[in-house]
Amino acid sequence: MEKHYFIACKLPDKVKSKLYELQQTHLQQDCFKKYTERDDLHITLSFFGAVSEQELKIVCAELDNKIKSHEKIRVTFDRIDTFGHELAPRVWWARPTPSAPLNELYRTVQDIAGLIHKDEHRPFRPHATLAKKWKGEPADVYRGPVEPVTGLIDEVVIYEIHPQKRPMYEIYASYQLSESGENDGTVN
């Protein structure tokens with residue numbers, strides 16, 4: 392079986408714990424097939440799926456070269472929402488406030504993903520998935536504001552996916568964001 396990978400912002404433990412608490416607090420019924428484990432919470436920057444070792448080497452070299460030009464990013468999650476049909480959503484997720492530094496990091500990662508033809512062509516909608524794959528009857532899932540959860544993203548990682556394990560994502564490679572400052576995440 393081929394291994395699958397993706398690039399993500401690794402969330403601080405404090406943020407993961409708070410988002411997991413939000414998931415548990417607002418979870419009123421068992422209506423999704425998959426609920427994200429606390430340690431698997433992240434913000435996806437690029438999903439690759441199956442890639443060769445050579446492609447991974449290219450991506451790793453480029454990430455090593457380019458990620459250090461980005462400073463740490465302060466993010467604040469303030470809302471829960473869904474993707475898909477209102478009564479049977481595909482994904483239930485927590486949204487960070489708009490962030491120019493996060494968007495710039497995404498563009499850098501997409502440029503790198505393009506080198507192996509894995510760049511994304513949909514608009515970037517940063518989020519941390521709380522649950523996915525609707526399984527039940529139509530129901531009302533909480534969507535709306537939540538108490539803000541703030542943390543500092545200081546690491547970009549390549550995760551290897553292990554669907555049968557918990558946690559499901561294992562760090563394949565890790566890249567530290569710059570210490571030269573801290574982006575406050577505001578949009579200009």
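In terms of my numbering, the sequence shown opens at residue 392 and continues consecutively. Cβ coordinates follow ideal geometry from the N, Cα and C atoms, glycine included.
Tell me the rounded alpha-carbon separation between S460 and R516. Counted from its first residue, the sequence shown places residue 460 at position 69. Counted from its first residue, the sequence shown places residue 516 at position 125. The alpha-carbon atoms of S460 and R516 are separated by roughly 22 Å.
Closest by C-alpha distance to P539, when choosing among V406, A530, K556 and Y426: Along the sequence shown, read from residue 1 onward, the residue named residue 539 stands at position 148. Of the candidates V406, A530, K556 and Y426, the one whose C-alpha sits nearest the C-alpha of P539 is V406.
Which word fits K424, buried or exposed, when buried means at least 16 other C-beta atoms lie within 10 angstroms of its C-beta? By one-based count along the sequence shown, residue 424 stands at place 33. It counts as exposed.
So, under 8 Å CB-CB, F439 and Y396 are touching, yes? Tell me the CB distance rounded to an integer number of Å. Along the sequence shown, read from residue 1 onward, the residue named residue 439 stands at position 48. Along the sequence shown, read from residue 1 onward, the residue named residue 396 stands at position 5. With 8 Å as the limit, F439 and Y396 qualify as a contact, their Cβ atoms being about 5 Å apart.
Given a threshold of 16 other Cβ atoms within 10 Å of its Cβ, counted over all protein chains shown, does S562 qualify as buried or as exposed? Along the sequence shown, read from residue 1 onward, the residue named residue 562 stands at position 171. According to the sequence as given, residue 562 is Ile; it is not Ser. Answer is exposed; the Cβ neighbour count stays below 16.
Evaluate the contact criterion for the stretch 439-450 versus the stretch 473-490: three or more CB pairs, one atom per stretch, below 8 Å. no
By DSSP, does N574 sit in helix, in strand, or in coil? Indexing the sequence shown from 1 puts residue 574 at position 183. Bear in mind that the predicted position of N574 carries a pLDDT of just 47, short of 50, making it too unreliable to give a figure here.
On the premise that V547 lies in contact with Y566, defined as a C-beta separation below 8 Å, what is that separation, rounded to the nearest angstrom? Residue 566 sits at position 175 when you count from the first residue of the sequence shown. Residue 547 sits at position 156 when you count from the first residue of the sequence shown. Rounded, the Cβ-Cβ distance is 5 Å, consistent with contact.
Let me check you understand the geometry: is the CB of W484 closer than 7 Å to at least one non-hydrogen atom of the ligand ZN? No copy of the ligand ZN appears in this structure; indeed no ligand is present at all.
Leaving out the 5 sequence neighbours to the left and right, which residues in its chain are closer than 6 Å to P558 when beta-carbon positions are compared? Position 167 of the sequence shown holds residue 558. Cβ neighbours of P558 beyond the five flanking positions: E428, D430 and D431.
Quickly, what does DSSP pair R470 with across the bridge? List them, please. By 1-based counting over the sequence shown, the position of residue 470 is 79. Bridge partners of R470: R486 and P536.
Within 10 angstroms of its Cβ, does L413 collect 16 or more other Cβ (buried), or is it exposed? Numbered from 1 along the sequence shown, position 22 holds the residue referred to as residue 413. By the 10 Å Cβ count, L413 comes out buried.
Reduced DSSP secondary structure (H/G/I, E/B, other) of L543: To locate residue 543, count along the sequence shown from 1; it is residue 152. Strand.
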